[in-house]
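Working notes, beginning with the structure itself.
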Ligand code: G6P
């Protein structure tokens, strides 16, 4: 067993460290570097197919659902086409409006999740164009859908998803670019700049992994807290949800992810000295808005843990409460912010002595509705 874990204490930690490679493998399978092109042959959707699409539905469960939420930001901005996001367990009960001009994309690590399968079935019955982003070759969703983008994360054993998630974010980035080119919204030069960002991503992930120790002081300080709040805005809002989910899943600490702007409409009532608040601070137009969240938390005695893209800003708080994130394209920042949140959850869970790879009551793949 130790050999399978390649010297790591848990599969989860091994899989967190495999993320640079998972990203490389996922983009190598689709990017032709010589020709500067994105090729998604298994997706089975050419320029003509793309031209008929008026709306995209992204559907998944659990962590894969958070990837869908990020995908909405990416695809709507790259392609200027409306994107709806649904939970697999909700989709078919809301009477979704689907037709031949709808592209329905399900996202799943296992390709076997029952609720996601049911959503895909709904799409097939209503005549939508159905595709899948899946990690497991030949799984049910692949067999049902008319085409696939594979994430090349390799087998994921830890119940809490890590490398499959960041590989999904990369697959969605590739899908957005492919669709934007096919619909004439992106030219070669713009595409090559986007591809360059992707080429630089694995090294940035490795940089963060090499700095894991920087999080251990935070893990020790906060391991006995009862609740955590995670705040993000824009494309990092889903990452706040994912950070909170990781902590709940493996440490059994109650954690809530929230859109930072909504803090004043509820969670602010919970903030006191006992409450760590993890804030995700992306450079750009939303930075100052996040800073005002930080000030509101501090004014109520709350403890801020800040992940900050780029340079440290003195207004955020003492260095021991900060973790710096390398700068990247706004569409890839979600990958970089995810990694330290996985590490923080992992370190806290290990300190609390939980069964990290097989948390109580959870299953790797939920094949019943
Ligand atoms: C279970 C797993 C999660 C996963 C979710 C969706 O709840 O514990 O880690 O995100 O299923 O799984 P899928 O295989 O469809 O991505």
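Residue numbers (full-length UniProt numbering): 242 to 610. Here a beta-carbon is modelled for each residue, glycine too, at the ideal position from N, C-alpha and C.
- Query: When burial is assigned at 16 or more other CB atoms within 10 Å of the CB, is residue 501 buried or exposed?
  - Reply: buried
- Task: Using three-state DSSP, classify residue 391 as helix, strand or coil.
- Result: strand
- Query: Is the distance from the Cβ of residue 581 to the Cβ of residue 548 below 8 angstroms?
  - Reply: yes
- Query: Count the other CB atoms within 10 Å of the CB of residue 334; is the residue buried (16 or more) or exposed (fewer)?
  - Reply: A residue is called buried once 16 or more other Cβ atoms fall within 10 Å of its Cβ, and residue 334, having fewer, is exposed.
- Item | First and last residue of the uninterrupted alpha helix (DSSP H) at residue 464 | Per DSSP, residue 464 belongs to no alpha helix (DSSP H) and is neither H nor E.
- Item | Neighbour-count burial assignment, residue 609, 16 or more Cβ in a 10 Å radius | Exposed is the call here.
- Task: Go through the UniProt domain "SIS" (459–600) residue by residue and report every complete run of the alpha helix (DSSP H) that reaches 4 residues or more, in order.
- Result: 478–492, 528–540 and 574–593
- Apart from the five residues on each side of it in sequence, which residues of its chain come closer than 6 angstroms, Cβ to Cβ, to residue 318? none
- Alpha carbon to alpha carbon, how far is residue 518 from residue 463? Give it in angstroms, no decimals. Here the alpha carbon of residue 463 sits roughly 11 angstroms from the alpha carbon of residue 518.
- Message: Suppose contacts are defined by Cβ-Cβ distances below 8 angstroms. Is residue 438 in contact with residue 569 by that definition?
- Response: yes
- Could you tell me whether the Cβ atoms of residue 488 and residue 589 are closer together than 8 angstroms? yes
- Message: Which residue wins for smallest C-alpha separation from residue 324, given the options 466, 566, 299 and 605?
- Response: Per the Cα distances, 299.
- For residue 595, which residues of its own chain have a beta-carbon under 7 angstroms away from its beta-carbon, when the five flanking residues on both sides are left out? 491, 492 and 493
- According to DSSP, which residues form a beta bridge with residue 349? 375
- Query: In the DSSP assignment, what residue or residues form a beta bridge with residue 298?
  - Reply: The partner list for residue 298 (beta bridge, DSSP) reads 325 and 345.
- Query: For the ligand GTP, is there a heavy atom less than 7 angstroms away from the beta-carbon of residue 326?
  - Reply: This structure lacks the ligand GTP; its bound ligands are the ligand G6P.
- Express the C-alpha separation of residue 563 and residue 481 in angstroms, rounding to a whole number. 16 angstroms
- Determine the extent of the alpha helix (DSSP H) in which residue 428 is found, giving its start and end residues. Here residue 428 belongs to no alpha helix (DSSP H), and DSSP marks it neither H nor E.
- Exposed or buried, which one is residue 381 when buried takes at least 16 other CB atoms within 10 Å? buried
- For residue 538, the nearest candidate out of 460, 556, 524 and 345 (CA to CA): 556
- Task: Under 6 angstroms Cβ to Cβ from residue 435, same chain only, skipping five residues before and after it: list those, please.
- Result: 418
- Close Cβ partners of residue 560 (< 6 angstroms) along its chain, the five nearest in sequence each way excluded: Cβ neighbours of residue 560 beyond the five flanking positions: none.
- May I ask you to report which of helix, strand or coil DSSP gives residue 287? coil
- residue 544 classed as buried or exposed, judged by whether at least 16 other C-beta atoms fall within 10 angstroms: buried
- Query: Quick one, which of 391, 534 and 349 has its alpha-carbon nearest residue 329's?
  - Reply: 349
- Task: Specify, as a first and last residue, the run of the alpha helix (DSSP H) that residue 259 falls within.
- Result: Taken as a continuous stretch (DSSP letters only), residue 259 belongs to no alpha helix (DSSP H), as it is neither H nor E.
- Whole-angstrom distance between residue 443 and residue 261, CA atom to CA atom: Going by the C-alpha atoms only, they are around 4 angstroms apart.
- Item | Pick from 287, 414 and 391 that is closest to residue 266, judged by C-alpha positions | 391
- Across which residues does DSSP place residue 370 in a beta bridge pair? 344
- The alpha helix (DSSP H) enclosing residue 250, as first and last residue numbers: Note, residue 250: premise wrong, no alpha helix (DSSP H); not H, not E.
- Message: Just list the residues that DSSP pairs residue 272 with in beta bridges.
- Response: 279
- Message: Quick check: the Cα distance between residue 288 and residue 583, rounded to an integer number of angstroms?
- Response: 38 angstroms
- Please go through the same chain and pick out, in chain order, the residues whose beta-carbon is closer than 6 angstroms to the beta-carbon of residue 514, but skip the five residues on each side of it. 542
- Task: In the DSSP assignment, find the unbroken alpha helix (DSSP H) run with residue 304 in it and report its ends.
- Result: 303–320
- Could you check which residue in 249, 296 and 393 has the C-alpha nearest to that of residue 343? 296
- residue 483: buried (16+ other C-beta within 10 angstroms of its C-beta) or exposed? buried
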